[in-house]
Structure formats: C-alpha cells, structure tokens
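First comes the structure, then the notes that go with it.
Numbering (this note's numbering), first residue to last: 69 to 198.
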C-alpha cells in the first residue's frame with residue numbers, strides 16, 4: 069500500500085510564532101520550475117550577483133506556486149493579530165526566509181522516500197515463498 073497522501077502537515081517556528089501549514093504536494097510542473105530556478109547560475113565559484121539572481125529566481129517561483137500548494141496557514145501573528153492570508157508572506161521581503169522553509173519542505177515531502185524506493189524494487193528474495 070502506498071504511503072502517499074495528497075497533503076502534508078508542516079510545522080515550524082518563525083520569529084516567535086509557531087506556524088502550521090497544510091501543504092499540497094508538488095506537481096511535476098512545480099518541481100520542474102523549482103529545479104530550474106535552483107540550477108541556474110550554478111558554477112563552482114558563483115559570484116555574489118549570481119547567488120542573488122538564483123535566490124530571486126527561486127523566490128519568484130515560490131510566489132507563483134505557493135498559492136496553489138498552501139492549503140492553510142495558522143499561527144502567524146502580526147501586531148497581535150492572527151494572519152491566515154498567505155499573500156502576506158509572499159509579498160513582504162521580511163518573510164522570505166519563511167517562504168524558503170516552506171519551499172524546502174515541499175521539495176522534501178514531494179519526493180519518494182527511501183522506504184517507497186524499496187517498494188519499487190519488488191519483493192526481496194527472502195520474502196519470496198515457493
């Protein structure tokens with residue numbers, strides 16, 4: 069039986085708040101965009117400008133795909149008020165490290181885990197019975 073679920077729960081702490089996200093796993097089109105953004109300008113000795121461009125590209129992709137992937141967000145407070153509108157974290161530069169964390173979790177949770185890879189290989193010899 070597959071361990072796949074269409075959504076995952078992600079919890080993290082940011083600036084004194086404990087946030088809980090419900091995230092839809094990445095689609096192939098999303099993963100391709102993230103991989104493209106992270107592979108640009110990858111040279112052994114990247115210049116500062118190239119690093120900034122790569123990060124900007126990744127954040128642009130994040131702002132594009134996260135509205136489709138974030139089902140809900142709870143726990144963020146601004147001036148004592150609870151914020152559930154994800155556009156706040158996508159538009160304010162202050163929250164870029166949080167956007168980076170969410171993107172990293174989406175990448176991690178959307179790929180096949182080691183235990184699932186074992187299942188792809190079929191039954192092991194010692195589990196076969198004649």
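Where is the CB? At the ideal position from N, CA and C, for every residue including glycine.
Please name the residue, chosen from 82, 72 and 74, that lies closest to residue 145 on a Cα-to-Cα basis.
82
Given that a residue counts as buried once 16 or more other Cβ atoms are within 10 Å of its Cβ, and exposed if not, what is residue 72?
exposed
To the nearest angstrom, report how far apart residue 87 and residue 160 are at their CA atoms.
17 Å
Only counting the same chain, and skipping five residues up and downstream in sequence, which positions put a Cβ closer than 8 Å to that of residue 128?
105
Where do the N-terminal and C-terminal ends of the alpha helix (DSSP H) with residue 83 fall, by residue?
Segment: none, residue 83 is in no alpha helix (DSSP H) and carries neither H nor E.
What beta strand (DSSP E) runs, 3 residues minimum, are completely inside the segment 116-153?
Entirely contained in the segment 116-153, the beta strand (DSSP E) runs reaching 3 residues are, in chain order, 138-142, 144-146 and 149-151.
Looking at residue 102: is its Cβ nearer than 8 Å to the Cβ of residue 169?
no
What's the gap between the Cα of residue 96 and the Cα of residue 118?
In a straight line, the C-alpha of residue 96 is about 26 Å away from that of residue 118.
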